[in-house]
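Colleague: Residue numbers (the numbering used here): 1277 to 1544.
To start, I am sharing the structure in question, which I have written as structure tokens.
Structure (structure tokens):
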């Protein structure tokens, strides 16, 4: 909706009717008809406040929050992948200082693992704050976290990597270039042996590291985690939509009407 300050008092009266072609209260969406108007407050502002506090408005805000939390992670992953994509062009990678490339890769990886940890913490708190009394959704959420994250050691590794960076150091990164007569590929790896020197790994990531044939193909790990997180976040978004389907339908109908009224009166 348009949360705008009213300019002057052109519509400061609350007694709108059909006199200027506006749909009368009898044609309003049900949610708007149930809102009690406030003296000396423009009707649009009263509607917007009430819509935001309605069950559908709160559900929409919760969906938006899930989307924003996911966006922070996905945008940081996109930045990391963008660097990798740029370096696929040998005329770019050959012209850059190797230490500068690794420094930028470490900076972007730091942002990714921080965003991954933040996302997990924020969603856990979100579920506690808003759905602690919904045993069914809470059970589904817990089961999916275990199935899609906790049981994949590479995903747990990425979460552990945040602790490694916080309590140990930035991981030792290397570039890996692969040539054929017709192709060139560039990626980043993390030195496995240097990682294993840290005693803070939980059991599954340490076992996963020890079982690797070589260094950590960190770009692939990041991509896999991002895909898993994106699918999970969409599931949670959709579950909220299903739980509050009637409220959201009523809210969006009313919000669309209010948006149209803002545009009609202020030519947005």
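C-beta: ideal position from N, C-alpha, C; glycine also.
Computed from a prediction, not measured in an experiment: that's the story for all the values here.
From the DSSP output, read off the bridge partner residues of residue 1356.
Modeller: Answer is none; residue 1356 lacks a bridge partner.
Colleague: Considering residue 1385, what are the terminal residues of the beta strand (DSSP E) in which it resides?
Modeller: From DSSP, residue 1385 is part of no beta strand (DSSP E) but of the alpha helix (DSSP H) over 1374-1407.
Colleague: Name the one or two DSSP bridge partners that residue 1466 has.
Modeller: DSSP lists 1449, 1492 as partners of residue 1466.
Colleague: Around the C-beta of residue 1319, are 16 or more other C-beta atoms found within 10 angstroms, so that it is buried, or is it exposed?
Modeller: Residue 1319 comes out buried.
Colleague: Is the stretch 1358-1378 close to the stretch 1459-1473, with three or more CB pairs under 8 Å?
Modeller: In short, these stretches touch, since the Cβ pair count reaches three.
Colleague: With C-beta atoms as the reference, is residue 1339 less than 8 Å away from residue 1513?
Modeller: Yes, the pair counts as a contact, with Cβ atoms nearer than the cut-off.
Colleague: Taking just the CA atoms, how far does residue 1494 sit from residue 1377?
Modeller: The alpha-carbon atoms of residue 1377 and residue 1494 are separated by roughly 15 Å.
Colleague: Mind reading off the beta-carbon distance from residue 1447 to residue 1440? Whole number of angstroms is fine, and I expect it under 8 Å.
Modeller: That pair is a contact at about 7 Å.
Colleague: From which residue to which residue does the alpha helix (DSSP H) around residue 1539 run?
Modeller: Residue 1539 -> alpha helix (DSSP H) spans 1521-1542.
Colleague: Quick one: Cα of residue 1410 to Cα of residue 1434, how far?
Modeller: In a straight line, the C-alpha of residue 1410 is about 30 Å away from that of residue 1434.
Colleague: Using 10 angstroms around the beta-carbon of residue 1395, count the other beta-carbons present and answer buried if the total reaches 16, otherwise exposed.
Modeller: Per the 10 Å Cβ criterion, buried.
Colleague: So, does the stretch 1403-1421 touch the stretch 1495-1515, judging by three or more C-beta pairs under 8 Å?
Modeller: Touching, yes.
Colleague: Excluding the five sequence neighbours on either side, which residues of its own chain have a C-beta within less than 7 Å of the C-beta of residue 1517, listed in chain order?
Modeller: For residue 1517, where only same-chain residues beyond five positions count, the Cβ hits under 7 Å are 1339, 1524.
Colleague: Cβ of residue 1349 within 8 Å of Cβ of residue 1502?
Modeller: In this structure, residue 1502 lies closer than 8 Å to residue 1349 by Cβ.
Colleague: On a CA-only basis, which of 1472, 1538, 1306 is nearest residue 1445? Give me that one, please.
Modeller: Answer by Cα proximity: 1472.
Colleague: Return helix, strand or coil for residue 1418, following the three-state DSSP convention.
Modeller: In the structure shown, residue 1418 sits in a helix (DSSP, three-state: H, G or I).
Colleague: DSSP beta-bridge partners for residue 1315?
Modeller: Answer by DSSP bridge pairing: none, since residue 1315 is not bridged.
Colleague: Who are the Cβ neighbours of residue 1336 in its own chain at under 7 Å, not counting the five residues just before and after it?
Modeller: Here the set comprises 1524, 1527.
Colleague: Determine the contact status of residue 1384 and residue 1405, defining contact as a CB-CB distance below 8 Å.
Modeller: Contact flag unset, no.
Colleague: In whole angstroms, what separates the C-alpha of residue 1311 from that of residue 1326?
Modeller: Answer to the nearest angstrom: the Cα atoms are 7 Å apart.
Colleague: Using CA atoms only, rank isn't needed, just tell me which of 1305, 1453, 1342, 1321 is closest to residue 1366.
Modeller: Taking only the C-alpha atoms, the option nearest residue 1366 is 1453.
Colleague: Given a cut-off of 8 Å on the beta-carbon distance, is the pair residue 1485 and residue 1468 in contact?
Modeller: Contact flag set, yes.
Colleague: Go ahead and pull the three-state DSSP assignment for residue 1454.
Modeller: Residue 1454: strand per DSSP, three-state reduction.
Colleague: I believe residue 1398 touches residue 1314 by the beta-carbon criterion, under 8 Å. Please report the beta-carbon distance rounded to the nearest angstrom.
Modeller: Going by Cβ atoms, the distance from residue 1398 to residue 1314 rounds to 34 Å, so no, they are not a contact pair.
Colleague: Would you grab the beta carbon distance between residue 1530 and residue 1308 for me? Rounded to a whole angstrom, and I think it's under 8 Å.
Modeller: At roughly 5 Å, the Cβ-Cβ gap stays under 8 Å, so residue 1530 and residue 1308 are in contact.
Colleague: Leaving out five residues on either side along the sequence, give the residues of the same chain with a beta carbon under 8 Å from the beta carbon of residue 1364.
Modeller: Here the set comprises 1460, 1461, 1462.
Colleague: Between which two residues does the alpha helix (DSSP H) holding residue 1436 run?
Modeller: Counting along the chain, the alpha helix (DSSP H) containing residue 1436 begins and ends at 1429-1443.
Colleague: Please classify residue 1466 as buried or exposed, where buried requires at least 16 other C-beta atoms within 10 Å of its C-beta.
Modeller: Counting Cβ neighbours within 10 Å, residue 1466 comes out buried, since at least 16 surround it.
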